[in-house]
Every structure is written in structure tokens, then in C-alpha cells.
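Colleague: In this note's numbering, the protein residues as written are 11 to 402. One structure is given below, represented as C-alpha cells, and several questions about it will come after.
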């Protein structure tokens, strides 16, 4: 049993001073005034030294594991090693639950990255499914990102849903000239980032993408229905117009990832969809593909969730940057990486906030010089996993 005291406890509703947390086994047993700490004389006392005590971060969209698994396009590291090395990095960035965003693409230039072939994606899906929460540093979950021109992959996706290997689904359309790649120059730059190709090759790829067969709305509706029967949340990706939002919502979609424009983000919010923006977007001050600014979306109250997307460190720093630089309420920003994503993926009864009866996934975050946030301790399921200290 632990008692964590002398910290600022960030709950969903407020930041509590002069209170302590009592952790019993995997769970939060009590939140009590400091003077009641004496009621647990046998508990191990943890002094937070005035730091913030927050829930562990829940990241519902990140393909970072691809970088660890395939650090070069033609180099594939053992996937067991990759998963364990990835979680060491994630826990040290405060991410205690990760929805690994694995892409189910049709074979093309991008999928020449070895971690985006159908066979290797399925191997990693199987590995994530086989993980035991008790034997890993964090919780591993699967976010299946399905590209709508992957017509031959529908049955495999449905099989993974049926076998309970999927925990979140998003439908993606990366056809150049719309969505994320409305500006074709960004498409050129992205492809060049994967491998060196000529302009003629890219032009050929654009033409092929633009005339490719895609799955039908009926198939999307069927996949969504199968997911919802399994209590799996479904997201739409790179929403760029109102008609798409209304269509996907009619199928049962509840999440809008990376809306392209402010108007679309506002409409997603009005419709009651959970809206997701990227934390790296906050740090960069803009979208890496020229679309909606995350800060602008937050300013207009149409961004519920921050995800790390491709840079795990971004979550912690974006939260504090939004508070320090832009003046947003720290508690509300922390909610965007904790309880809000928990609700979106239907885990709010178990994790996502500091509340009696919930699992003790906790972070202790100190502010160093110039407001730099330093994660000093992490706890998952009531067990301290990491501790970091500067030599001062």
C-alpha cells in the first residue's frame, strides 16, 4: 500500500491541494486530506515534493512502434524486442495505455516499409493480442487503421475483429487531392520521405490512387456494425467535408480524427463526435501537412483529445505548452490526454482519471527551470514502474 502526499492532485474536475492518495493493490482506495494520512501508518509514504499528480496518459493514435520495429525501410527488428523497447520509451513519456495504430494498406510505394506489409502487420497484431497487461510495463491495445482502397483486406479485418484482436478502428482515405493531401505538394514530400522516387513515379502513383477501387459505403457500414457489436469504438480519419461527417456518423462512428478544417471540426463537435488532434501539431505550431492547427481547434473548443501521432514526447510537452504559452487551464489540457480519450475508447470506468475505485495509473510531474515538465515517477496498476531524477 502507498500513500502519495505533498502533491497537486489533478482530478477530472479540479486540482486538489493538501490532499493525499491512498493506493491499495491496483486501485485508488481513497483521496483524503493530508491530516488523515496518519490513518494508514503501515503504508509506504511517497513525497511528491509539490509536483503534479496526474492520471497516466492514454494515447489512442500513434504509429511510433513502426519506427522502432523498422528503423530503416528494409530493416525489421524482432517484433518481441520492438514491443518491449517501445513500451520503455512510452512509459517514460507518461503513456500508460497505448493504442498502437497499425496501418492496413494496399501494397504500394509506402508499404515498401517492411512494417507496413500485410504479413508483418498481422504478426504485430497477433503479438499485441497475446500480451498480458501484468507482464508488460503498459497496456497495449490495437488501433486498426484501414485504408479504404484495401479492398482485398476487408475479410482479414473482419477476422481480427471477430477474434477480439481489435480495440479501435479508423477508416482512412489518403487519396491525393483530398483529405490530408488536398495540397499535392505535401503528398510529394511525404512519399519522398519514405524513399527516393522520381517525379514520374509519383505522378504514376497519384494517377493509380485517384482511380483505385475503394470499399463501398455498405462495406464500411458492415465493418462498423461488427465492431460496435464487440463494443469497439470506430473513428473517421482526415474528415474534410460535412457530408462525410454526417455519413460516417450515421454508420455509428463516434470519433473524428484530425479534421482538416476548422468548420469541419466545429461540425464534428456539434454532432457529438470525439475530436482528435495531434500533440506534435501543438509543438510545431501547425499541421505538418498544412491542415488545421491544433491550437486553433482548441481555441474554438472543438478538440477533445490530443494524441502523440508519431512523437510520444509530444503529449506531456503539448499539455504544458498549452497551459504556459497559451494560457489554457492545465486540468482541462490534462483531460485531453486522460479521461477524454478513455471515454472515446470506452475505458472510462477503469482508467483515465484519479477517482476512488479506478486503477492506479499515475504520473508525478515536476516543473523544472523555465517550466520544463519533468516526469519523475510513473505508476501502472498500483506499481511504480519508473523513477527519474536530475542530479541536483
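Ideal placement from N, C-alpha and C gives every residue a C-beta, glycine not left out.
(1) What whole-angstrom Cβ distance do residue 395 and residue 388 have, given they're in contact under 8 Å?
(2) Among residues of its own chain, excluding the 5 on either side of residue 236, which ones have a beta-carbon nearer than 7 Å to its beta-carbon?
(3) Compare the C-alpha of residue 29 against each of 59, 371, 18 and name the closest.
(4) Looking at the strands, I want to know which residues DSSP matches up with residue 232.
(5) Quick check: the Cα distance between residue 110 and residue 179, rounded to an integer number of angstroms?
(6) Assuming residue 351 is part of the alpha helix (DSSP H), what are its boundary residues?
(7) Quick one, which of 166, 287, 159 has its alpha-carbon nearest residue 227's?
(8) Go through its chain and collect everything with a Cβ distance to residue 126's Cβ below 6 Å, but skip five positions before and after it.
(9) Skipping 5 residues on each side, what residues in its chain have a beta carbon closer than 6 Å to that of residue 398?
(10) I need the straight-line Cα distance from residue 378 to residue 47, nearest angstrom please.
(11) How would you label residue 343, buried or exposed, when you count the other beta carbons within 10 angstroms and need 16 or more for buried?
(12) Write down the C-beta distance between residue 21 and residue 66 rounded to the nearest angstrom, noting that I regard them as a contact closer than 8 Å.
(13) For residue 307, which residues of its own chain have a beta-carbon under 6 Å away from its beta-carbon, when the five flanking residues on both sides are left out?
(14) Whether or not the stretch 290–298 and the stretch 320–330 are in contact is what I'm after, with contact meaning three or more pairs of Cβ atoms, one per stretch, closer than 8 Å; do they touch?
(15) When the Cα atoms are used, what is the spatial distance from residue 259 to residue 391?
(16) With C-beta atoms as the reference, is residue 38 less than 9 Å away from residue 13?
(17) Relative to the C-alpha of residue 384, which residue among 273, 155, 52, 63 is closest?
(18) Give every residue of the same chain whose Cβ lies closer than 6 Å to the Cβ of residue 56, excluding the five residues on either side of it in the sequence, and list them in chain order.
(19) Helix, strand or coil for residue 293? Go by DSSP, reduced to three states.
(20) Tell me whether residue 387 sits in a helix, a strand or coil according to DSSP, three-state version.
(21) May I ask you to list the residues that DSSP assigns as paired with residue 82?
(22) Rounded to whole angstroms, what's the CA-CA distance from residue 231 to residue 51? Just pull it up for me.
(23) Can you pull the DSSP bridge partners for residue 285?
(24) Which residues does DSSP pair with residue 64 in a beta bridge?
(25) Using alpha carbons as the reference points, say which of 104, 35, 277, 23 lies closest to residue 318.
(26) Should residue 174 be labelled buried (16 or more other beta-carbon atoms within 10 Å of its own) or exposed?
(27) Since residue 315 and residue 351 should fall inside the 8 Å C-beta cutoff, what is the C-beta to C-beta distance between them, to a whole number of angstroms?
(28) If contact is defined by three or more beta carbon pairs under 8 Å, each pair taking one atom from either stretch, is the stretch 76–91 in contact with the stretch 128–143?
(29) Note the first and the last residue of the continuous beta strand (DSSP E) segment covering residue 56.
(30) Return the chain-ordered list of same chain residues with a C-beta closer than 7 Å to the C-beta of residue 135, the five sequence neighbours on each side being excluded.
(31) With a 10 Å radius around its C-beta and 16 neighbouring C-beta atoms as the bar for buried, classify residue 297 as buried or exposed.
(32) What whole-angstrom Cβ distance do residue 58 and residue 374 have, given they're in contact under 8 Å?
(33) Alpha carbons only, please: which of 295, 252, 302 is nearest the one belonging to residue 278?
(34) Taking the alpha-carbon positions, what's the residue 166 to residue 335 distance?
(35) Could you tell me the boundaries of the beta strand (DSSP E) in which residue 30 lies?
(36) Hey, how far is the Cα of residue 332 from the Cα of residue 284?
Modeller: With the structure as the only source:
(1) The count along the chain shown starts at 1 and reaches residue 395 at position 385. The count along the chain shown starts at 1 and reaches residue 388 at position 378. Confirmed, about 5 Å.
(2) Looking up residue 236 in the chain shown gives position 226. Correct list, in chain order: 168, 171.
(3) Residue numbering aside, residue 29 sits at position 19 when the chain shown is read from its first letter. Ranking 59, 371, 18 by Cα distance to residue 29 puts 18 first.
(4) The sequence position of residue 232 within the chain shown is 222, counting from 1. Paired residues: none, contrary to the question.
(5) Position 100 of the chain shown, counted from the first residue, corresponds to residue 110. Position 169 of the chain shown, counted from the first residue, corresponds to residue 179. Their backbone Cα atoms lie some 11 Å apart in a straight line.
(6) Counting from one through the chain shown, the residue named residue 351 turns up at place 341. Where residue 351 is concerned, the enclosing alpha helix (DSSP H) stretches over 349–354.
(7) Residue mapping note: residue 227 aligns to position 217 of the chain shown, counting from 1. Checking every option, the nearest Cα to that of residue 227 belongs to 159.
(8) Here the question's residue 126 lines up with position 116 in the chain shown. Here the set comprises 113, 115.
(9) In the chain shown, residue 398 corresponds to position 388, counting from 1. Annotation for residue 398: 386 place their beta carbon closer than 6 Å to its own, counting only its chain and skipping 5 residues before and after.
(10) Position 368 of the chain shown, counted from the first residue, corresponds to residue 378. Position 37 of the chain shown, counted from the first residue, corresponds to residue 47. Going by the C-alpha atoms only, they are around 27 Å apart.
(11) Counted from its first residue, the chain shown places residue 343 at position 333. With 16 or more other Cβ atoms within 10 Å, it is buried.
(12) Taking the chain shown and counting its residues from 1, one reaches residue 21 at position 11. Taking the chain shown and counting its residues from 1, one reaches residue 66 at position 56. Contact flag wrong, Cβ pair sits at about 14 Å.
(13) By one-based count along the chain shown, residue 307 stands at place 297. Counting only Cβ-Cβ distances below 6 Å, and skipping sequence neighbours, we find 275, 287, 313.
(14) yes
(15) Here residue 259 is taken as the residue at index 249 of the chain shown, counted from 1. Here residue 391 is taken as the residue at index 381 of the chain shown, counted from 1. Each residue's Cα considered, the two are about 34 Å apart.
(16) Start at 1 with the first residue of the chain shown, and residue 38 comes out as number 28. Start at 1 with the first residue of the chain shown, and residue 13 comes out as number 3. Their beta carbons are not under 9 Å apart, which means residue 38 does not touch residue 13 by this criterion.
(17) Locating residue 384 in the chain shown gives position 374, where the first residue counts as 1. For the residues 273, 155, 52, 63, the minimum Cα distance to residue 384 belongs to 63.
(18) Mapped onto the chain shown, residue 56 falls at position 46. Result list for residue 56: 12, 14, in chain order.
(19) On the chain shown, residue 293 is found 283 positions in, with the first residue counted as 1. Helix at residue 293.
(20) As a position in the chain shown, residue 387 is number 377, starting the count at 1. Residue state, collapsed to three classes: strand.
(21) Along the chain shown, one-based indexing puts residue 82 at 72. DSSP, once it has assigned bridges, lists 85 as partnering residue 82.
(22) Locating residue 231 in the chain shown gives position 221, counting from the first residue. Locating residue 51 in the chain shown gives position 41, counting from the first residue. Distance between the alpha carbons of residue 231 and residue 51: 56 Å.
(23) If you number the chain shown from 1, residue 285 lands on position 275. BP columns for residue 285 point to 266.
(24) What you label residue 64 is simply residue 54 of the chain shown in a count that begins at 1. DSSP lists 373 as partners of residue 64.
(25) On the chain shown, residue 318 is found 308 positions in, with the first residue counted as 1. Nearest of 104, 35, 277, 23 to residue 318, Cα basis: 104.
(26) Locating residue 174 in the chain shown gives position 164, counting from the first residue. Residue 174 sits exposed, since fewer than 16 C-beta atoms from the chains shown fall within 10 Å of its C-beta.
(27) Counted from its first residue, the chain shown places residue 315 at position 305. Counted from its first residue, the chain shown places residue 351 at position 341. Rounded, the Cβ-Cβ distance is 5 Å, consistent with contact.
(28) yes
(29) Position 46 of the chain shown, counting from 1, holds the residue named residue 56. 54–57 is the span of the beta strand (DSSP E), which, as asked, contains residue 56.
(30) Residue 135 sits at position 125 when you count from the first residue of the chain shown. If we look at residue 135 and ignore the five residues flanking it on each side, its Cβ neighbours are 112, 152, 170, 175.
(31) As a first step, residue 297 must be located in the chain shown, where it is residue number 287. Classification for residue 297: buried.
(32) Residue mapping note: residue 58 aligns to position 48 of the chain shown, counting from 1. Residue mapping note: residue 374 aligns to position 364 of the chain shown, counting from 1. Yes, they are in contact, since the Cβ atoms of residue 58 and residue 374 sit about 5 Å apart, within 8 Å.
(33) The count along the chain shown starts at 1 and reaches residue 278 at position 268. Nearest of 295, 252, 302 to residue 278, Cα basis: 252.
(34) Reading the chain shown from its first residue, position 156 is the one you call residue 166. Reading the chain shown from its first residue, position 325 is the one you call residue 335. Taking the straight line from one Cα to the other gives about 46 Å.
(35) For this step, residue 30 is matched to residue 20 along the chain shown. That run of the beta strand (DSSP E) goes 25–34.
(36) As a position in the chain shown, residue 332 is number 322, starting the count at 1. As a position in the chain shown, residue 284 is number 274, starting the count at 1. Straight-line Cα distance between these residues: approximately 19 Å.
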